[in-house]
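So the structure is just underneath, and the comments pick up after that.
Numbering (mature numbering (1 follows the signal peptide of the UniProt record, and there is no 0)), first residue to last: -22 to -1, 1 to 331.
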């Protein structure tokens, strides 16, 4: 969840946008138990996650720590905390309030809100390769699209706010800066080249007011972008060229804030998994990939107040059908077996193979 500076402002913002009356209850989610919840560490304020398969076959779960200004690396199969990377600073390899994170091959992209940049590091050494994003003002989320051989498009959400407490949404004329695009490529020696390709965002009824998470589906020319603005928090649909379709996920899908979003591909079909940031248990809502029709919801036994999620569809040592990883209470990470999710929710059998 975007946390304006200071932290107290986020609490004020949440209260200001809280609904005046309770929503009708959503259908109860099915329960799918977590495979594990890692040991808690309140120092980090964990937010977003990405996975990477190391040369030894071990799968890493790399998570941003906003308050500790570092990355935390877990064994994705067990939840064991392996190491921390970085510390507070603006120098290469250091971070200031890292938030969004994404992996492409052996390169790690980290969005830093307070350094106003995206930093790229080489895995597994976490060797700094460079930064981009001079236009960014208060960046949060990132999604990468391999647009052509050797080139990526990085979509970065920019949730800058105004006012002494950073609680005022920008005027309509500036809402077309909520998502920024960058064309990114690397030379054979890993030299980074990034070019700003403009921004987008609707300025009218379907404007993106408070943004963080973003994900895309090239097969359907679809970006889903979480708008956390209460009381109508949802995910809004945009095209890759930046045009708003005017479509959002169905009304009242989210009782709290719409947070993380990932695409679970199952053959030609699949599902969008979205986060409803509830307590005492997070609800994970699934929508059909092509139509965005609601399919089902589930909750773990423990996972609560989730921000980011990451989906690792490839088999690992502990998860033969892949896994969904979620932040729990900003202090831990939780893991769900995708095979168990598919069976419990009676999803497409292709998702459990």
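Just so you know, even glycine gets a beta-carbon here, dropped at the ideal spot from N, CA and C.
In this structure the stretch 132 to 151 touches the stretch 111 to 123; the number of beta carbon pairs closer than 8 Å is three or more. Taken atom to atom, the span from the alpha-carbon of residue 24 to that of residue 305 is near 7 Å.
Bridge pairing for residue 9: 277 [DSSP].
Look at the stretch 168 to 195 and you find no whole run of alpha helix (DSSP H) that is 4 residues long or longer.
A direct Cα-Cα distance of roughly 10 Å separates residue 219 from residue 176. In the structure shown, the three-state DSSP call for residue 312 is strand. About 7 Å separates the CB atoms of residue 172 and residue 161; that is less than 8 Å, so the two are in contact. Scanning 206, 200, 50 for the CA closest to the CA of residue 224 turns up 200. Under a 10 Å Cβ-count criterion, residue 17 is classified as exposed, with fewer than 16 other Cβ atoms of the shown protein chains found around its own Cβ. It is roughly 14 Å from the alpha-carbon of residue 246 to the alpha-carbon of residue 330. Between the beta-carbon of residue 212 and that of residue 231 there is about 6 Å, and that keeps the pair under the 8 Å contact cut. Segment contact: the stretch 139 to 158 against the stretch 96 to 104, fewer than three CB-CB distances shorter than 8 Å; contact not assigned. Between the alpha carbons of residue 49 and residue 9 lies a distance of about 30 Å. Minimum Cα-Cα distance from residue 316 among the listed residues 221, 285, 278, 127 corresponds to 278.
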